[in-house]
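Line by line, the protein sequences give chains U and F. Read in the numbering used here, the first sequence has 61 at position 61, and its numbers run on one by one without any break. If you count the second sequence from 1, you need to add 1000 to reach the numbering used here. A virtual CB, placed ideally from N, CA and C, is assigned to each residue, including glycine. A short write-up of the structure that comes next.
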Amino acid sequence: MTAVFEPAYEPWDETRGADIIAEHASQEGATLVILHALQEAFGYVPEAAIPMVAQALNLSRAEVHGVFTFYHDFRHKPAGRHVLKLCRAEACQAAGGDALTARAEAKLGVSLGNTTADDRVTLEPIYCLGLCATAPSAMLDGRLVGRLDEKRIDALVAEAQR
Amino acid sequence: MNMRIFIPRDAAAVAVGADEIALAFEQVAAINGLPVEIVRTGSRGLCWLEPMVEVAAPTGRVAYGPVSVEDVASILESMTSNGPHALRLGVADEISWLKRQTRLTFARCGVIDPRSLDDYRAHGGYKGLARALSLDSDAILNEVTASGLRGRGGAGFPTGIKWKTVAQAKADRKFIVCNADEGDSGTFADRMIMEGDPFLVIEGMTIAGITVGATKGYIYIRSEYPHAVEAMNAAIVAARRGGYLGDKIGGSTACFDMEVRVGAGAYVCGEETSLLESLEGRRGIVRAKPPLPAHHGLFGKPTVINNVLSFAAIPFILAEGAKAYADFGMGRSRGTMPIQLAGNIRQGGLFETAFGVTLGELVDDIGGGTFTGRPVRAVQVGGPLGAYFPRALFDTPFDYEAFAARDGLIGHGGIVVFDDSVDMRKQARFAMEFCAIESCGKCTPCRIGSTRGVETIEKIMRGERVAENLALVEDLCNTMKFGSLCALGGFTPYPVLSALKHFREDFVPAPTTLQAAE
C-alpha cells in the first residue's frame, strides 16, 4: 500500500477558529486541548488565535503564548506538505539510527528541524515512538515505520518528496 | 465454521506491516472462498517475530511469524491443512520466550480483542473491581499495601501508602491521574498495555477512584502514541456504555468517570508535578515538593498519580489477593516487572517476570545478544536517565535496591542494548543534550548545567585539557544530582557518570607514541 496520505488542513479562518475554541473552552485546563484542536484544523497555531484563546479562557496573552512555546508539538507556521519524523532516542541510536538520519538529511538536503525549499518535506527529530524493539523507527504523516534500513529510509524519503 | 485469525494492531506490529498483512489475509481468503474472521489483537510482545499472526486451533492458537505479505497465501494453506510452514512457530503459549514469563499484568495482552469489553470480561476482566466493590476502602488499601506494589514509573514509591494518603485527605474533590507520558527510550510497556488491554488500565484507575473517594480520572498520554490514544478513547466509550464508567459502576452505588488528555511533546511532563501543570493547561514546569500531589495535586486537590503499569497491576492484586502478587519477587521489590528489551537486540520485546532475574540473563539468554551479532558492550537500563552498565555488572539482579547499590536505576524497566561499536563519549554527550532540550527551565542546575555539560564533553571529544574537563564534568554532575528539583536534572548524571566510570577508555585518549615517532 503506497497510497500517499496527505494531511488536508483548512486555511486560517477567524470564525472557524472561534468555533473550535468555544467547543473546548468549558473543559477544565483546556489550553492544550484547544491548541491541539487548532493545530489539527489548520496545521499550525496561527498567531491571531493566541489572543482569542486567552480571552476565552480568561488568561493573559503571555500565558497562552508561554504554553504554546513550551511544547515541541505546536507549530507557529505550517509544516511542509509531508512531515517525516525520525526517532533520535537511544534505542534507535543503538540500532544504527544515526547513520540513517544522516542519509535522510543528505537526500533531502536539509538538517533535522527544517523544511525543504520546495515546502514538500519537513524533517524532524522525535524522541521515542515506543517502537524500541523494532528500531530504528520513523513516522511519516502519522504512519509508523519500524526496522528501518537504507532501503526503507530511501523509500520513505522518496514517498515524502512525491 | 469461520477460521479465526488473530493479527496484532499494536503500533510496533503495524510499523512492520501488520495492517497490510490483515488486508492480504482478507483478500487471499476471499479469492479462495475461505470463510475467515480476522480479530485484531494487541501484541504478545515478541517484537522480533512481528508481525506475528495466530490461528485458532483445537490445541491452542498456532503462531506464525515474522510474516510478510508474500507469505500470506502459503500460511493460509498451512492454517487450513494444519500443515508445516517455515514461519510456523507452534502453539503460541508454548513458545519458550512466552512460557518462561510470569504474565500477571500482561496476561491478556495479545490474546484478546482490545476493543471488546465482552472479550475482556470473558478473560477475567473486572473481577478485581467486583471484589473491590465488595470491600471497604481500608480493606482495599490493606490489599494494595500488602501486595508490596511500588510505583512502576521508576521512583518505586509504595503504591499503598500513596493511596492511603489521598484516602485520608479531606477535600470536596479528589482526582486519579494516570501517567501515560512514557517518554523513556527503550520503554513501550505502557503503550503496549494501552493498545492491547486498555480496559485493564481503566479498571485499575476505577479501583483507585473508589478506594480514595475520587470520581474523576485523567489519563495523560503522550502525543507520540496516537494508537494508544485511540485505543484508550475507544475503551472508555465502551466501558461507559457497559456500565463500568459513569454513575453506578458495575451495578454499585459508586461513580467514576475518566478522560484522555494528550501531551504535546515535552519529555519533562512525565515528571508527575510537571504533568499536573500540563493537565491544568500550563507550561510543564516542575513544582517543588512538598506539598505532595497526594495532598495538593491536580487543581490543588488530593490526587493519586500513578504510572500506567501501577494501575494495570491493581486488578490482579484485587482479584487474586495481595499474597498471590507478593509471592513473586525479591527483597522489597515484590511482584512482577514488565521488562522491555530494546535497541540492538536479537530477541527484543516485552518480558514480564518476577523481580530478581539478572541483567545478564535478560540480555544474553532471553534477549539473545545483539542483532548485529557483535559483542554487547553496554546496556542502558531505565531510559535516558538510567546508567550504562558494562558486562562486568551483568550479575546485577533486576531489583530497585540492587540497581541503586550500583549507581543505577531500573526506572520504567527499559533495557537498551549497544554493541561494541558504541562510542560512550557520544552517549554521555547525548544524555546532557537531551536534558538541555527537555529541561523545563525552572532550576539552574538542570537548565544551565546540561548545556555546560554538552560543551565540556565536546571539549573532551576534541582532546582539550581532557583530565581537567573530566573532573569538571564529574563536578557538574554532582551539582545537577543534588541541586536539581526533579529527576530530569537529578538523574541525567547517571548515564554520564556511569559512562565515565565503566567506559573510561573512551574518554581518555590512548597513550600516544607521537613524541617517540617524532
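Paired residues, beta bridge with residue i - DSSP
i	result
Lys-1216(F)	Phe-1175(F) and Asp-1257(F)
Ala-1354(F)	Thr-1336(F)
Asn-1306(F)	Cys-1178(F)
Glu-1037(F)	Arg-1004(F)
Val-1381(F)	Ile-1415(F)
Val-33(U)	None, per the DSSP bridge assignment.
Met-1330(F)	Ser-1333(F)
Gly-1090(F)	Ala-1063(F)
C-beta neighbour in chain U for residue i, strict 9 Å
i	result
Ala-1266(F)	yes
Ala-1517(F)	Below a pLDDT of 50, predicted positions are generally treated as unreliable, and Ala-1517(F), at 44, falls in that range; the measurement from the model is reported next regardless. It does not; no Cβ of chain U falls within 9 Å.
Asn-1344(F)	yes
Ala-1012(F)	yes
Thr-1187(F)	yes
Asp-1365(F)	no
Val-1416(F)	yes
Asp-1419(F)	yes
Cys-1047(F)	yes
Gly-1348(F)	yes
His-1227(F)	yes
Phe-1299(F)	yes
Arg-1040(F)	no
Gly-1373(F)	no
Asp-1190(F)	yes
Gly-1281(F)	yes
Glu-1438(F)	yes
Asp-1172(F)	no
Phe-1430(F)	yes
His-1502(F)	no
Val-1016(F)	yes
Asp-1136(F)	no
Proximity test, Cβ basis, 9 Å: residue i and chain F
i	result
Ala-3(U)	Its pLDDT being 48, under 50, Ala-3(U) is placed unreliably by the model, and nothing is read from it.
Gln-93(U)	yes
Val-33(U)	yes
Tyr-9(U)	no
Asp-73(U)	yes
Ile-126(U)	yes
Arg-147(U)	yes
Val-67(U)	yes
Phe-70(U)	yes
His-36(U)	yes
Glu-150(U)	no
Glu-47(U)	no
Ser-111(U)	no
Ala-158(U)	no
Ser-137(U)	yes
Leu-57(U)	yes
Integer-rounded CB distance, given that residue j should sit under 8 Å from residue i
i	j	result
Asn-1344(F)	Cys-1178(F)	Not really, about 31 Å apart at Cβ, beyond 8 Å.
Phe-1507(F)	Tyr-1388(F)	Contact flag wrong, Cβ pair sits at about 13 Å.
Arg-1377(F)	Val-1422(F)	6 Å
Met-52(U)	Ala-18(U)	6 Å
Ala-1342(F)	Ala-91(U)	4 Å
Val-1381(F)	Gly-1356(F)	Wrong, their Cβ atoms sit about 15 Å apart, outside the cutoff.
Thr-1215(F)	Asp-1257(F)	7 Å
Leu-144(U)	Pro-125(U)	Not confirmed; about 16 Å, so no contact.
Gly-97(U)	Arg-88(U)	7 Å
Arg-1044(F)	Gly-1110(F)	3 Å
Distance CB(residue i)-CB(residue j) smaller than 9 Å
i	j	result
Thr-1372(F)	Ala-1431(F)	no
Asp-1184(F)	Pro-1384(F)	yes
Leu-1076(F)	Gly-1065(F)	no
Ala-1012(F)	Leu-131(U)	yes
Glu-1259(F)	Gly-1217(F)	yes
Pro-1198(F)	Ala-1171(F)	no
Leu-1476(F)	Ile-1460(F)	no
Trp-1097(F)	Leu-1023(F)	no
Thr-1102(F)	Ala-1354(F)	yes
Neighbour flag for residue i against chain C, beta carbons, 9 Å
i	result
Ser-60(U)	Looking for chain C here will not work: the only protein chains present are U and F.
4 or more residues per run - each alpha helix (DSSP H) lying fully within the stretch 1241 to 1297 of chain F: 1272 to 1279
Length-filtered (4 minimum) alpha helix (DSSP H) runs lying within the stretch 1396 to 1440 of chain F: Entirely contained in the stretch 1396 to 1440 of chain F, the alpha helix (DSSP H) runs reaching 4 residues are, in chain order, 1400 to 1405 and 1424 to 1438.
In chain order, each alpha helix (DSSP H) run of at least 4 residues that lies wholly inside the stretch 1449 to 1489 of chain F: Complete alpha helix (DSSP H) runs here, min 4: 1466 to 1483.
Ranges of the beta strand (DSSP E) found wholly within the stretch 1185 to 1230 of chain F, counting only runs of at least 3: DSSP runs (the beta strand (DSSP E)) wholly in the stretch 1185 to 1230 of chain F: 1216 to 1221.
Contiguous alpha helix (DSSP H) assignments of at least 4 residues, all confined to the stretch 89 to 133 of chain U: Listed in chain order, the complete alpha helix (DSSP H) runs (minimum 4 residues) inside the stretch 89 to 133 of chain U are 90 to 94 and 97 to 108.
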